[in-house]
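Inspection log for the structure reproduced underneath, given as structure tokens.
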């Protein structure tokens, strides 16, 4: 993408003075991810489809985890029993009926079951894949009733926070282009105009095209979606 943007930007190198401060841009969403499953299980529910909106914390994919739930209940019972044994060992030690070694062994058993219970709870928590932020579904990669493997990709989502524009500009602009520099974006697909400002400039110059990539935050992004292209104009 950067090579294409660089080529489009350099096509205007011989145009009048105003055009030398124009460049091509692509809108990006800072929050975008493909969420994977951490367990091998059967898909129980996928409540959202492509294009649907969701809120942070919503369940995006639910797995059938009856086995993991049963394991947690078993370990919880063992942990409770270990706690009773530890308390009993302490009481017997106070009566000098058993030695400190027996108490230490009971403490060790209690700690072990506590760790196992923590692992079991982590596994059951992984039975649901929740939304990390407010956003929309880009693509659903599994179907209900399918069996998935560990680390299999399940759903792609994008956040609906402020969009950013990625702009490739000539490295010669670095003499005056700094964070905070305002720019105006004219969206190709809709003709809409959006105001933005530079928030970051990559610290490396492409040796072949002599260009540099910068990020610009949009003041307003209503009606805009990631992937739209635009012409960026830098007033001077």
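In the working numbering, the protein residues as written are 39 to 274.
Cβ atoms here follow ideal geometry from the backbone N, Cα and C, with glycine treated the same way.
Remember, predicted model here, so these are calculated numbers, not experimental data.
Checklist entry - Where residue 113 and residue 227 are concerned, what is the direct C-alpha to C-alpha distance, given to the nearest angstrom? => result For the purposes of this step, residue 113 is taken as the residue at position 75 of the chain shown. For the purposes of this step, residue 227 is taken as the residue at position 189 of the chain shown. Cα to Cα, residue 113 sits roughly 57 Å from residue 227.
Checklist entry - Beta carbon of residue 212, beta carbon of residue 250: below 8 Å? => result By one-based count along the chain shown, residue 212 stands at place 174. By one-based count along the chain shown, residue 250 stands at place 212. In this structure, residue 250 lies closer than 8 Å to residue 212 by Cβ.
Checklist entry - With 16 as the cutoff for other CB atoms within 10 Å, does residue 62 come out buried or exposed? => result Against the chain shown, residue 62 aligns to sequence position 24. Counting the other Cβ atoms within 10 Å of the Cβ of residue 62 gives 16 or more, which makes it buried.
Checklist entry - Count the other CB atoms within 10 Å of the CB of residue 240; is the residue buried (16 or more) or exposed (fewer)? => result The residue given as residue 240 occupies position 202 in the chain shown. Taking every protein chain shown into account, the CB of residue 240 has fewer than 16 other CB atoms within 10 angstroms, so this residue is exposed.
Checklist entry - Taking the alpha carbon of residue 79 as the point to measure from, which residue in 182, 173, 204 has its own alpha carbon closest? => result Locating residue 79 in the chain shown gives position 41, counting from the first residue. Here the closest residue by C-alpha is 182.
Checklist entry - Any idea if residue 229 is buried or exposed, counting beta-carbon neighbours within 10 angstroms, 16 or more meaning buried? => result Here residue 229 corresponds to residue number 191 of the chain shown, with the count starting at 1. It counts as exposed.
Checklist entry - Three or more beta-carbon pairs under 8 Å between the segment 132-142 and the segment 114-122, yes or no? => result The segment 114-122 and the segment 132-142 do not touch, with fewer than three beta-carbon pairs separated by less than 8 Å.
Item to check | Proximal residues to residue 88 (C-beta, below 7 Å), its chain only, five neighbours per side dropped | outcome: For the purposes of this step, residue 88 is identified with residue 50 of the chain shown, where counting begins at 1. So the list reads 175, 176, 177, 178, once near-sequence residues are dropped.
Checklist entry - Contact between the segment 160-168 and the segment 95-112: three or more CB pairs below 8 Å? => result With the cut-off at 8 Å, the segment 160-168 and the segment 95-112 touch.
Item to check | Rounded straight-line distance, which links the Cα of residue 65 to that of residue 222 | outcome: As a position in the chain shown, residue 222 is number 184, starting the count at 1. As a position in the chain shown, residue 65 is number 27, starting the count at 1. In a straight line, the C-alpha of residue 222 is about 13 Å away from that of residue 65.
Checklist entry - Residues bridged to residue 197 by DSSP? => result Along the chain shown, one-based indexing puts residue 197 at 159. DSSP output for residue 197 lists 173 as bridge partner(s).
Next on the checklist: Which residue wins for smallest C-alpha separation from residue 219, given the options 271, 98, 96?
Outcome noted: Mapped onto the chain shown, residue 219 falls at position 181. Among 271, 98, 96, the Cα nearest to that of residue 219 is on 271.
Next on the checklist: What residue range does the alpha helix (DSSP H) around residue 238 cover?
Outcome noted: As a working mapping, residue 238 is identified with position 200 in the chain shown. If you look at residue 238, you'll find it isn't in any alpha helix (DSSP H); it sits in the beta strand (DSSP E) that goes 231-239.
Checklist entry - How would you label residue 197, buried or exposed, when you count the other beta carbons within 10 angstroms and need 16 or more for buried? => result Here residue 197 refers to the residue found at position 159 of the chain shown. Around the C-beta of residue 197, 16 or more other C-beta atoms lie within 10 Å, and the residue is accordingly described as buried.
Checklist entry - Pick from 185, 129, 95: whose alpha carbon is nearest that of residue 171? => result In the chain shown, counting from the first residue as 1, residue 171 sits at position 133. Out of 185, 129, 95, the CA that lies nearest to the CA of residue 171 is found in 95.
Item to check | Buried or exposed (CB count within 10 angstroms, at least 16 for buried), residue 210 | outcome: Taking the first residue of the chain shown as position 1, residue 210 is located at position 172. Residue environment analysis places residue 210 among the exposed positions, since fewer than 16 neighbouring C-beta atoms fall within 10 angstroms of its C-beta.
Checklist entry - Nearest-angstrom Cα distance between residue 268 and residue 242? => result One-based indexing of the chain shown puts residue 268 at position 230. One-based indexing of the chain shown puts residue 242 at position 204. Those two C-alpha atoms are separated by around 23 Å.
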